[in-house]
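To convert a position in the sequence shown, counted from 1, into my numbering, add 5.
Beta carbons: idealized from backbone N, C-alpha and C, even for Gly.
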Amino acid sequence: MKKNKIITIVLVVMLPLCTILTISCNKEDDNTLTFDEAISAVKDNYLANVLLKDAFNEVYLEATEIDSYIISGNFKSTTVDENAPVLTYEPLDQTTWPKTITKDYGLKNMVCEDYRYRRGIITIIASNYITQEGTDITIS
6 MKKNKIITIV LVVMLPLCTI LTISCNKEDD NTLTFDEAIS AVKDNYLANV
56 LLKDAFNEVY LEATEIDSYI ISGNFKSTTV DENAPVLTYE PLDQTTWPKT
106 ITKDYGLKNM VCEDYRYRRG IITIIASNYI TQEGTDITIS
């Protein structure tokens, strides 16, 4: 009899308590995206990744070439072609870091080697030689 009384008390106390805890812990998620919003976010993320990779690729080849000139100490001067973007690399020495690499296409659309039109400036700040493992690179 005493055993049944304990079971009844436990059920009377625990059942409402578990019910209250279960109901009260279900929180509505206000940040749920609709299907269209999720698709739009994925597309935006993809476009951002493509543009970032394109900007990096535009500067990477020239930057690796300049890195080799800096490492060897044989600095190369180039002539300015009005139909080509202007590439700058500052400071142009072996000891000062970070380096700022700038590729300036100008204000008008310029047809590049990959047949894409570009204008504006791509700026990369590198904490070490661009080919060096562990180099931090910021693109803007």
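Neighbourhood of residue i by C-beta distance below 8 Å, restricted to the same chain and skipping five residues each side
i	result
Y134	D72, I75, I76, T140
L38	A46
With 16 other Cβ atoms within 10 Å as the buried cut-off, status of residue i
i	result
Y94	buried
P90	buried
I106	buried
K108	buried
For residue i: DSSP bridge partner residues
i	result
T93	T107
T128	T107
C-alpha gap between residue i and residue j, whole angstroms
i	j	result
V64	N36	39 Å
T101	D41	48 Å
T136	S45	35 Å
M115	K104	25 Å
L56	G78	33 Å
6 Å CB neighbourhood of residue i in its chain, flanking five on each side removed
i	result
S1	Limits of the chain in this structure are 6 at one end and 145 at the other, which puts residue 1 out of reach.
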